[in-house]
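Novice: So that we are looking at the same thing, I have put the structure below in structure tokens.
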Amino acid sequence: MDRENIIKIFKVKVRPELDLYGADLTENIIESFIKDLPVQISIAGQIFELNSLIKEELINHTKKQFGFTSGTHVYIKGAGIYNDSEEIELDKENWHYYLRHKNYLKDNVFKDNIDVVESLDYETDQIIKKFPKPDEHNIFDKKGLVIGHVQSGKTANFTHLISKAASIGYRFVIVLAGMTDTLRMQTQFRLDKELVGRNSAAIPNLETIQWLRGEEKFHPLTQLPDKRVKNDNGDFSAPISNFSDHFDTTSDVTIAVIKKLARNGTNQFQSILGNLINWIVRAYDANTIQSVPVLIIDDEADQASIDSSDEDSDPTVINHAIRKLTSLFPKSVYVGYTATPFANVFINPANDYLGLPDLYPKDFIYTLPEPEEYFGSSRFFGIKNKENELALIELLEANEKEIINDEDQEITCNLSNAIDSFIFSSIIRKYRGNDKFCGMMIHTDHRNIYHNTVYSKVREYISSLECDLNTFDKFSAFKVKTQSIGRLQGIVSDVPNYEYVDFKNNYDTILNYLKQKNGDKTTNIKVINSREDKLDYLNEELKYLICIGGNIMSRGVTIEGLTITYYLRDTLNYDTLLQMGRWFGFRKGYEDLLRIYTTERIARHFEYVMAVEDDLRNEVRRYIEEGLTPIDFAPKVRAHMRMQPTAKMGNSSLTKSYSQQTIQTIYFNRDLSVLNHNYQLGKKLVEKYQDSIDNTDNFDYKYIAKNSEIEDLLNFIKTYKYASYNSFELNDITKYIEQRIKSGEIKNFDILISGIKQLKEETEPTQLGDLTINPVKRNLRKSKGKEHIQENIVNIGVISDTADIKIANDNDKLTLILYFLDKRHSDAFNESDENYMSEKLNFNPIGFTVAFPKTTIANGEIDYYQQIFE
């Protein structure tokens, strides 16, 4: 739905109702009100369909209009000249490079959405104001970290940051653009277009930034590959002029976009980083180098830049080379960009190797908010979207990987279905008028040998389908249907959006679009599994692309228009798993067509790593509130019984803490005896404190019993019968609570009984003595409906409610939050099949959340913590 209609719905249907709340309006009320809107509304005779994605878009717009921010801008202050009193003044009206770039963005890149430019400007202001002004300091060595989201616009952020750094006197900009030619080329093209002002790709009608004759601009040391020169990749090789001569004769800002590669050699370092370092030191002049303040941008800073050795006596070569590079300049700022900072924050700040300090972000850490319209992990896996109506995840059997990697086996039905979905999604997008790139990613294994096996199967299947299309007679469409084309027609029923009704019963329409697509260009199938392999959208016809590969695709490589993902690579490393989510990004206009084909195990791991990532961002916010600096930063990363931190966390130690955290039951065993046991357990606990239970301050349908006996909490969580899958370690929880009791920090706890304001039709409330509790609705985590029910275990994704967590946090007490689940309307308990029916239940099942207060005690912490170095 376009922005104009969102605004219309807001003005007519939403704002008048929410204005009635006045000062009592909360984000929770906004979310509840919009989610309860009917699926069809009428405004002035015009019908609008509201699916879950449109409602989420409406929620974001509404929050913004009522002053609730959609993202959190987070900053940690460093020490020294990074104190607030010494922040540089943002006199941007005189910033030449910045003004030129901002006007370019407004006039070309984001001319239809100026808000994006203003947001980008705000974010980079928070970073640049912590940079020293080179003409006011003789020496400085600053290091920081910017934490973004996978494929969420980090390149746009550091491009704009470069324009500001150039404006305040940084003369040399080095961008470490990953480890592959593809990523370096993508970054080079972006900076050529937006900063340098050249169409080095020779693309017709390409808009580039324009510089006036005689105006100071950017001088590039690297370029895109020259196709006319054999083996030219455009990466850094020493210019004819030496370093001193170059900077003595130019007033332009010099910029180099290089791969992050180094190896030991006769001149200490070789490869790309070695070439750059050797060029600088070969004609090293102290006066010249003093006049060249450098900004080093490290894209994907958690890859290769981190010293993965346990002892600092032997740092990895790339880490050592980057340390050396920063040390060459008396005035240097190093800024790492990453979406997975798990390794960066575990660097030992005290590491020193031959006088070269490590790359720990000692001066600032900044987290970027999730942009509006960003389709991230929460949209796929339901952390924030409980109602997720679209079946975006297709669950596969655990042995799928074994079959598809076996060269003696045929292509699996699941992979052929995924390819069919890819083809159909390209038809739908063409039908909508969005005839741009459409991509599919296939990742079954990190080992290259299996990529060729999968390629052969995909190539054979695509060829068979194309043959069917070429020989198919549309006049016999209703008489003879090939199996492949018939399957494509069946996929239509999986697309719930109302706009595609034309396809439902019109087989000729499908056939015509299939033939048009086949006539456009044969689907390109590429294997990307080495650093030399490239996705060159500038010089190749990759409009319809199926990309098969492994690790190379996990870092920064963008598959344009990625719609379908077939993903079987199981990894236990936090950062690797999150980075493999190349389906994250901006998918406006085809969100409902996205599909991920994967296993239940991988899906569970993804869900968990999202919680880990969220924990880390919350830790940054907590350090702001406590006024701490990055040197004090000791972030938590949850330990998982099935997962492990990356090997790069060499300086981390295993301890435990649940300070300001929550744990919750999201898996339920549907066995009636188990459900009844837990219900009786909760009933007994509530009845014990019935005389002390009262309504909460703001919600007369929620109840609280304060200062309950702590032994009752321990008994409850120890006696509760959990599903075979669980989202937390019970032993860790009980040990943590017992340690807090022993130290005297925890003496009692609160019991919060959640509920909803109004009963749904046919819902039976839970009656416990004098208490009438309106049960909450919680559905299965959506994928394939009943197929999610395996071995009588269901996963509801989320049980907690933000309003309940806020009550617990405001009280700053250890709180047990009880949820009675509506047996009638929660589809986890009303799936009608021969083995299970909700009529067998004569009570509403119970689950819970435990919200922990902030701890002031250092011992007995949880999970992976950075060591505290003295």
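Counting in this note's numbering, the sequence shown tops out at residue 876, every number present. Note that CB positions come from ideal geometry on N, CA and C, so glycine has one too.
#1: Could you check whether the Cβ of Lys860 sits closer than 8 Å to any Cβ belonging to chain D?
#2: What's the call for Leu218, buried or exposed, on a 16-neighbour Cβ count within 10 Å?
#3: Which whole-angstrom value is the C-beta distance of Ile448 and Ile602, which I expect to be below 8 Å?
#4: Let's see if you can read the secondary structure: which residues bound the alpha helix (DSSP H) around Tyr27?
#5: Using the rule of at least 16 other Cβ atoms within 10 Å of the residue's Cβ for burial, across every protein chain shown, is Thr450 buried or exposed?
#6: Which term fits Asn780, buried or exposed, when burial requires 16 or more other beta carbons within 10 angstroms of its beta carbon?
#7: Along the chain, where does the beta strand (DSSP E) that runs through Tyr550 open and close?
#8: Would Glu505 be called buried (16 or more neighbouring beta carbons within 10 Å of its own) or exposed?
#9: So within the segment 166-242, which uninterrupted beta strand (DSSP E) runs reach at least 3 residues, ignoring any that extend past its ends?
#10: Taking C-beta to C-beta, are Ile371 and Leu551 nearer than 8 Å?
#11: In three-state terms, what does DSSP make of Arg830?
#12: Which residues in the same chain as Val680 place their Cβ atom closer than 7 Å to its Cβ, once the five residues preceding and following it in sequence are excluded?
#13: Arg329: which of Leu360, Asp308 and Gln309 sits nearest, CA to CA?
#14: Is the beta carbon of Ser173 closer than 8 Å to that of His102?
#15: At a cut of 8 Å, does the segment 767-787 reach the segment 733-753 through at least three beta carbon pairs?
#16: Using 8 Å for Cβ pairs, my map puts Tyr673 next to Asn754. What's the rounded Cβ distance?
#17: I think Leu267 touches Ile278, with their Cβ atoms under 8 Å apart; what is that distance to the nearest whole Å?
#18: Alpha carbon to alpha carbon, how far is Phe335 from Val341? Give it in angstroms, no decimals.
#19: How is the alpha helix (DSSP H) around Tyr437 delimited, first residue to last?
#20: Who pairs with Thr605 in a beta bridge, going by DSSP?
#21: Excluding five sequence neighbours on each side, which residues of the same chain lie with their C-beta closer than 6 Å to the C-beta of Phe849?
#22: Give the single residue among Phe592, Leu331 and Ile433 whose Cα lies nearest to the Cα of Glu376.
#23: Touch check for the segment 459-472 and the segment 423-440: three-plus C-beta pairs under 8 Å?
#24: Using the Cβ count rule (16 or more neighbours within 10 Å means buried), how would you classify Arg784?
#25: Can you check DSSP and say which residues form a bridge with Glu715?
#26: Taking its Cβ as the centre, do 16 or more other Cβ atoms sit within 10 Å of Pro367, making it buried, or is it exposed?
#27: Measuring CB atoms only, is the segment 247-265 touching the segment 196-215, in the sense that at least three cross pairs come out at less than 8 Å?
#28: Under the DSSP definition of a beta bridge, which residues are partnered with Gly674?
#29: Quick one: using the 10 Å Cβ neighbour count with 16 as the cut-off for buried, is Gly51 buried or exposed?
#30: If we ignore side chains and look at the alpha-carbon of each, how far apart do Thr877 and Ile65 end up?
#31: So Ser333 is in the beta strand (DSSP E); what residue range does that whole segment cover?
#32: Using 8 Å as the threshold, is the segment 825-835 in touch with the segment 701-720, meaning 3 or more CB pairs across them?
#33: Would you identify the three-state DSSP class for Gln132, choosing helix, strand or coil?
#34: Give me, in chain order, the residues of the same chain whose beta-carbon lies closer than 8 Å to that of Asp776; leave out the 5 immediate sequence neighbours on both sides.
#35: Would DSSP call Gly853 helix, strand or coil?
#36: Which value, in whole angstroms, describes the spacing of the CA atoms of Ala183 and Asp305?
Specialist: Taking the geometry as given:
#1: Chain labels in this structure do not include chain D; a single protein chain is all it has.
#2: Leu218 should be labelled exposed.
#3: With 8 Å as the limit, Ile448 and Ile602 do not qualify as a contact, their Cβ atoms being about 12 Å apart.
#4: Segment: none, Tyr27 is in no alpha helix (DSSP H) and carries neither H nor E.
#5: A residue is called buried once 16 or more other Cβ atoms fall within 10 Å of its Cβ, and Thr450 is buried on that count.
#6: Asn780 comes out buried.
#7: If you look at Tyr550, you'll find it in the beta strand (DSSP E) that goes Tyr550 to Gly555.
#8: With a pLDDT of 44 at Glu505, under the threshold of 50, the modelled position of this residue cannot be trusted; read the value that follows with caution. Result: exposed.
#9: Within the segment 166-242, the beta strand (DSSP E) runs of at least 3 residues that lie entirely inside it are, in chain order, 178-183 and 224-226.
#10: For the pair Ile371 and Leu551, the CB atoms are not nearer than the 8 Å cut-off.
#11: Shown here, Arg830 sits in coil according to DSSP, grouped into three states, outside any helix or strand.
#12: Exclusion of the five residues before and after Val680 leaves Lys727 as the residues of its chain whose Cβ lies within less than 7 Å of its Cβ.
#13: The residue with the shortest Cα to Cα distance from Arg329 is Leu360.
#14: Yes, they are a contact pair.
#15: Not touching, per the Cβ criterion.
#16: Rounded to the nearest angstrom, the Cβ distance from Tyr673 to Asn754 is 29 Å, too far for a contact under 8 Å.
#17: Rounded, the Cβ-Cβ distance is 5 Å, consistent with contact.
#18: Computed Cα separation, rounded: 15 Å.
#19: Where Tyr437 is concerned, the enclosing alpha helix (DSSP H) starts and stops at Cys419 to Tyr437.
#20: Within the DSSP secondary-structure output, Thr605 pairs in a beta bridge with Leu402.
#21: Around Phe849: Tyr685.
#22: Ranking the options by Cα distance to Glu376, first place goes to Phe592.
#23: Per the Cβ contact rule, the segment 459-472 is in contact with the segment 423-440 (3 or more Cβ pairs under 8 Å).
#24: It is buried - the Cβ of Arg784 has at least 16 other Cβ atoms within 10 Å.
#25: Glu715 pairs with Asn754.
#26: Label assigned to Pro367: buried.
#27: Segments in contact, yes.
#28: Residue identity check: residue 674 is Phe in the sequence provided, not Gly. Among the bridge pairs identified by DSSP, Phe674 is matched with Val800.
#29: Here Gly51 is exposed, its C-beta having fewer than 16 other C-beta atoms within 10 Å.
#30: A question about residue 877 goes unanswered here, because the residues of the chain that appear run from 7 up to 876.
#31: Residue range Val323 to Ser333 is occupied by the alpha helix (DSSP H) that includes Ser333, with no beta strand (DSSP E) assigned at that position.
#32: By the criterion of at least three beta-carbon pairs nearer than 8 Å, the segment 825-835 is not in contact with the segment 701-720.
#33: Looking at Gln132 - three-state DSSP - the assignment turns out to be helix.
#34: Closer than 8 Å at Cβ, skipping near neighbours: Gln696.
#35: Gly853: strand per DSSP, three-state reduction.
#36: Distance between the alpha carbons of Ala183 and Asp305: 5 Å.
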